[in-house]
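Structure, as structure tokens:
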Amino acid sequence: MFSSTENIEYEQVCIIVDFGKGSKVMQTAKKLGISGGTILLGKGTIKNRLLEIFGINDIKKEIIILVSTHKKVSEVIVQLDQKFKFTQPNHGIAFTTTVGRVIGARSCIKEDNEEERGVKDSMYHAITVIVEKGNAEYVIDAATEAGSKGGTIINARGSGIHETSKLFSMDIEPEKEMVLILAEQESTDTIVASIRKKLKIDEPGNGIIFIQDVNKTYGLYE
């Protein structure tokens with residue numbers, strides 16, 4: 083049977099590291115008490131004129147997704163940062179977002195001393211954009227024109243090439259791409275407006291955008 087949890091606060095941890103480091107992060111998280119997670123493949127984008135000329139401005143990335151209670155995430159993210167040094171340049175990025183409900187995760191069980199927590203003002207937003215394959219670079223360009231420092235293009239195939247997942251009733255298949263952008267709260271509207279205009283997101287079938295508050299960040303630099 084599926085386990086369902088309500089009225090318990092959970093958080094999602096998203097960690098972006100260079101290719102090859104994802105398994106190490108996952109193994110460490112498991113040792114710290116988070117029983118499972120997902121590793122996605124993607125690429126980071128670096129806006130550097132010289133690197134663009136030589137075609138080496140894309141860097142292969144791994145995106146680790148973990149979910150647990152707020153208390154457990156607060157403990158684990160600090161220990162992961164101590165080990166992998168996210169707060170040092172070029173060591174990765176980690177951030178947490180609030181999850182409304184978790185179904186089917188046996189590890190997400192509320193502890194007796196789990197405190198209740200109100201929503202706090204967030205300095206950053208996570209902007210996720212899903213578009214047709216081949217359009218992710220246009221999303222990055224539009225975001226950069228509006229002041230974004232770049233983003234991560236995620237391979238939306240997942241672990242099974244014959245599987246199709248849905249997000250807001252939109253198929254995430256091999257012909258789709260997902261772009262993750264972290265933006266300061268005051269820049270979010272400008273960045274989203276630029277993406278909507280350039281990609282014509284308001285026209286049916288051209289893509290979808292959703293925005294999440296970010297609770298904590300590690301490894302972000304201006």
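Be aware that the sequence shown starts at 83, since it is given in our numbering, and climbs by one per residue. Beta carbons: idealized from backbone N, C-alpha and C, even for Gly.
Contacting residues, own chain, Cβ-Cβ under 6 angstroms from residue i (five flanking each side not counted)
i	result
F292	T210
Q94	V149, T179 and V181
Y333	Here the chain comprises residues numbered 83 to 304, so residue 333 is not present and cannot be evaluated.
A218	I235, E259 and V261
Q161	L114
A228	T272, I273 and S276
S156	none
G216	none
First through last residue of the alpha helix (DSSP H) which encompasses residue i
i	result
Q267	Q267 to L281
D163	H152 to F166
A176	No alpha helix (DSSP H) holds A176; the beta strand (DSSP E) holding it covers I175 to V181.
Q109	G104 to K113
Residue i versus residue j - alpha carbon distance
i	j	result
V158	G174	16 angstroms
K142	I263	16 angstroms
K46	S117	Outside the displayed range of the chain (83 to 304) lies residue 46, so it cannot be described from this structure.
L48	F101	Residue 48 lies beyond the range of the chain shown here (83 to 304); nothing can be said about it.
E285	D295	26 angstroms
I97	I146	5 angstroms
M260	G126	12 angstroms
G119	K106	12 angstroms
N172	L302	10 angstroms
Y92	H152	5 angstroms
K231	I121	24 angstroms
M108	I290	29 angstroms
A208	K112	25 angstroms
T270	V99	23 angstroms
First through last residue of the beta strand (DSSP E) which encompasses residue i
i	result
K298	I290 to Y300
A218	No beta strand (DSSP E) holds A218; the alpha helix (DSSP H) holding it covers A218 to E227.
K125	G119 to T127
I116	I116 -> no beta strand (DSSP E), and no H or E assigned at all.
Q94	Y92 to D100
T210	Y206 to E214
Residues near residue i by beta carbon distance below 7 angstroms, same chain, minus five either side
i	result
E266	M205 and Y206
G233	T127, I222, A225, V261, L262 and I263
K298	I159, F177 and T178
T110	L162 and K165
Same chain only: Cβ atoms within 8 angstroms of residue i, ignoring 5 sequence neighbours per side
i	result
N288	V213, E214, L281 and K282
K103	E144, F166 and G174
Check your understanding: Counting pairs of beta carbons, one from the region 211 to 229 and one from the region 276 to 283, are three or more of them closer than 8 angstroms?
Key -> With a cut-off of 8 angstroms, the region 276 to 283 and the region 211 to 229 count as touching, because enough Cβ pairs lie within range.
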